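A quick write-up on the structure given underneath.
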Amino acid sequence: MRYAYGIAAALLLGGGAYSMTTGTTAVVAGQAQNAPRALPPGGAPESFADLAERLSPAVVNISTTQRIPIRRQADPFEQFFRRFGQPDPRGQQQGEEEDAPTRETGSLGSGFIISPDGYIVTNNHLIQSRTGDGTVDEVIVTLTDRTEYEARIVGRDESSDLALLKIDGENLPYVNWGESNDVRVGDWVIAIGNPLGLDGTVTAGIVSAIQRGLGTFSGPNRYIQTDAAINRGNSGGPMFDMAGNVVGVNSALISPTGASVGIGLAIPADTARPVIDSLRRGERVQRGYLGVRLQPIDEDIAAGLGLSTEDGEIVGAVVDGQAADQAGIRQGDVIVSINGQQVNSDDTVSYLIARVQPGSTVPVVIYRDGRRQTIDVRVAERPSEAELRSGGNESEDPEDVMGSESDGAEAVELGMTLQPLTDRLRRALRLERDVQGVIITAIDPRSDAAEKRLQRGDVIVSVNRQRVSTPEDVEAAVAAAREAGRSSVLMLVKRGPNPETFVGISIAE
Numbered sequence: 000m001r002y003a004y005g006i007a008a009a010l011l012l013g014g015g016a017y018s019m020t021t022g023t024t025a026v027v028a029g030q031a032q033n034a035p036r037a038l039p040p041g042g043a044p045e046s047f048a049d050l051a052e053r054l055s056p057a058v059v060n061i062s063t064t065q066r067i068p069i070r071r072q073a074d075p076f077e078q079f080f081r082r083f084g085q086p087d088p089r090g091q092q093q094g095e096e097e098d099a100p101t102r103e104t105g106s107l108g109s110g111f112i113i114s115p116d117g118y119i120v121t122n123n124h125l126i127q128s129r130t131g132d133g134t135v136d137e138v139i140v141t142l143t144d145r146t147e148y149e150a151r152i153v154g155r156d157e158s159s160d161l162a163l164l165k166i167d168g169e170n171l172p173y174v175n176w177g178e179s180n181d182v183r184v185g186d187w188v189i190a191i192g193n194p195l196g197l198d199g200t201v202t203a204g205i206v207s208a209i210q211r212g213l214g215t216f217s218g219p220n221r222y223i224q225t226d227a228a229i230n231r232g233n234s235g236g237p238m239f240d241m242a243g244n245v246v247g248v249n250s251a252l253i254s255p256t257g258a259s260v261g262i263g264l265a266i267p268a269d270t271a272r273p274v275i276d277s278l279r280r281g282e283r284v285q286r287g288y289l290g291v292r293l294q295p296i297d298e299d300i301a302a303g304l305g306l307s308t309e310d311g312e313i314v315g316a317v318v319d320g321q322a323a324d325q326a327g328i329r330q331g332d333v334i335v336s337i338n339g340q341q342v343n344s345d346d347t348v349s350y351l352i353a354r355v356q357p358g359s360t361v362p363v364v365i366y367r368d369g370r371r372q373t374i375d376v377r378v379a380e381r382p383s384e385a386e387l388r389s390g391g392n393e394s395e396d397p398e399d400v401m402g403s404e405s406d407g408a409e410a411v412e413l414g415m416t417l418q419p420l421t422d423r424l425r426r427a428l429r430l431e432r433d434v435q436g437v438i439i440t441a442i443d444p445r446s447d448a449a450e451k452r453l454q455r456g457d458v459i460v461s462v463n464r465q466r467v468s469t470p471e472d473v474e475a476a477v478a479a480a481r482e483a484g485r486s487s488v489l490m491l492v493k494r495g496p497n498p499e500t501f502v503g504i505s506i507a508e
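In this text, residue positions in the sequence shown follow numbering that gives the first Met the number 0: the first is 0, and each later residue adds one.
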């Protein structure tokens, strides 16, 4: 999870929180030997050391490498030379293909071994191509003893954000799946991973919530929420119960700053295990699908439709030929329940329908023209995420996509959090295919960028006339401007389908 964080602030909080977390009152040195021994909270182990020592060898560091083509600036005279058959001033012959320059990019994350012969579970977003569909060029797995292996991608499932890797090894340390359905709010859990490149980091906390839905962002997924510290690099690592079994796959965090604020999310083991088993067998993961674009019901929509509740989701579009279209569901219908289960902010249409076996027929209750009616729908199979990006999708809202692809996000010192622009984001933001840049996923309201009316979802195309495609490119351009003695940078910004606009942003320290 690629988030920048403030080291000084983290050290200050860590140093000042000890007496609060132990629940004891500080004593002066002369009283220390007579003070009663502090006891851990009820149900908590006195130490996690034995558990961490036993489990850590099965947790691995995953690093990926990808070579991305660099687009050269268009030559305004190129078409002229081609049209009139003149020699190319660069010395390139007509019809000759120019070798495209590339740059190397990578990411760091975590994973865990589930078999002695080297099968490894991790997150799909770690090994998925940064430019859209496909995978990275190389995956290196490093064990706790510093042994490195080149991993093979056995399979991946973008919908659940899970992937299965394989390394060639024997008698490797491994861990076992647990029963996440048995996990209760308040249970202790530990997370082991590679946050910010610090391999073998162990953090502990409690389960804050189970079956956590995040509206349309989570789509067909639900999460275990924990306050155990999860930062970028923890992605793909295990969440363990106190018996040492994997009850979740650490996957994301919610934070206004990019640093851990005690809201981490893990894919439940009972969701992950069947997906991983299918990938191991070489099978496709099947989920139900309607073929509609939906949006939640707010107060204004409910009032306009004469609804007394904001439960349900309104159909914004119906994909031609898909299950909803064939059953007679129309644009403007409000889906109230599926197979007897009410649709609400937690149990969304995408979540409920994904749990239905493709080919099954289920009753769907809708609200149309002031009255309820039930339509029987024969559920289709959910297409791959790549297919959904090129067609209808039940939850391809820009806010959803920015949330689900937030692992590439990095905070920069100008008060913005940025992430690379992907094909999926271009589609959600109604951008042309050739738009390049980085997208703003969060912005500090006190920053100059906010003062200049930049906002979440804007795309920074260039900084000081230099094209950018990663947060690192923006940071480099800002650093170069500072070195040149400039007090501001000129950003070219695109918002949705609107024309690009230049904005000057102060970089004064």
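Glycine is no exception: its CB is placed at the ideal position from the N, C-alpha and C atoms. Note that the structure is predicted; figures quoted are calculated from it, not measured.
Cα-Cα separation between residue i and residue j, rounded to whole angstroms
i	j	result
residue 30	residue 48	Residue confidence for residue 30 is low, a pLDDT of 38 falling below 50, so the modelled location carries little weight; the figure read from the coordinates is stated next. Taking the straight line joining both Cα atoms gives about 28 Å.
residue 422	residue 470	17 Å
residue 457	residue 451	12 Å
residue 155	residue 193	21 Å
residue 310	residue 219	18 Å
residue 56	residue 279	22 Å
residue 271	residue 258	25 Å
residue 186	residue 263	15 Å
residue 431	residue 419	15 Å
residue 191	residue 202	7 Å
residue 473	residue 110	30 Å
residue 360	residue 237	37 Å
residue 369	residue 305	7 Å
residue 491	residue 137	33 Å
residue 455	residue 327	37 Å
residue 127	residue 153	13 Å
residue 162	residue 330	35 Å
residue 142	residue 464	43 Å
residue 254	residue 416	11 Å
residue 537	residue 383	The first residue shown for the chain is 0 and the last is 508, placing residue 537 beyond what the model contains.
residue 386	residue 64	25 Å
residue 168	residue 197	24 Å
residue 427	residue 275	29 Å
Cutoff 7 Å; reference residue i; Cβ partners in own chain excluding five residues on either side
i	result
residue 496	429
residue 108	61, 121, 122, 125, 193, 232, 234, 235
residue 503	487, 489
residue 481	506
residue 337	348, 351, 352, 361, 363
residue 195	230, 231, 232
residue 247	179, 223, 238, 265, 266, 267, 268
residue 467	436, 437, 459, 461, 473, 476
residue 209	182, 184, 223
Beta-bridge partners of residue i, as assigned by DSSP
i	result
residue 165	118, 151
residue 186	According to DSSP, which records beta bridges pairwise, residue 186 is partnered with nothing at all.
residue 60	109, 141
residue 249	265
residue 308	Note: residue 308 sits in no beta bridge, so no partner.
residue 418	438
residue 273	DSSP lists no partner for residue 273.
residue 293	314
residue 377	360
residue 127	134
residue 500	492
residue 239	189, 245
residue 287	380
Sequence-distant residues of its chain with Cβ nearer than 6 Å to residue i (five each side left out)
i	result
residue 171	112, 115, 117
residue 212	221, 345
residue 17	Model confidence at residue 17 stands at a pLDDT of 28, short of 50, so the residue's coordinates are unreliable; what they give is reported in the following sentence. For residue 17, where only same-chain residues beyond five positions count, there are no Cβ hits under 6 Å.
residue 290	318, 321, 322, 323, 391
residue 381	286, 288
residue 176	245, 268, 272
Nonlocal neighbours in the same chain, by C-beta distance under 8 Å from residue i, ignoring five residues either side
i	result
residue 392	Any reading at residue 392 must be qualified, since the residue scores a pLDDT of 46, below 50, and its modelled position is unreliable; no value is offered.
residue 53	243
residue 301	307, 308, 309
residue 501	489, 490, 491, 492
residue 433	none
residue 449	414, 442, 443
residue 425	431, 432, 434
Residue i: CB within 6 Å of a non-hydrogen atom of the ligand GTP
i	result
residue 266	Looking for the ligand GTP in the displayed structure turns up nothing, as the structure carries no ligands at all.
Whole-number beta carbon distance between residue j and residue i, since they are thought to touch under 8 Å
i	j	result
residue 250	residue 265	6 Å
residue 322	residue 288	7 Å
residue 140	residue 260	That belief does not hold up - the Cβ atoms of residue 140 and residue 260 are roughly 30 Å apart, past 8 Å.
residue 312	residue 296	7 Å
residue 188	residue 240	6 Å
residue 510	residue 332	With the chain represented from 0 up to 508, any question about residue 510 goes unanswered, as that position is not in the structure.
Contiguous alpha helix (DSSP H) assignments of at least 4 residues, all confined to the stretch 315-371: 322-326, 348-353
Contiguous beta strand (DSSP E) assignments of at least 3 residues, all confined to the stretch 437-487: 437-442, 458-462
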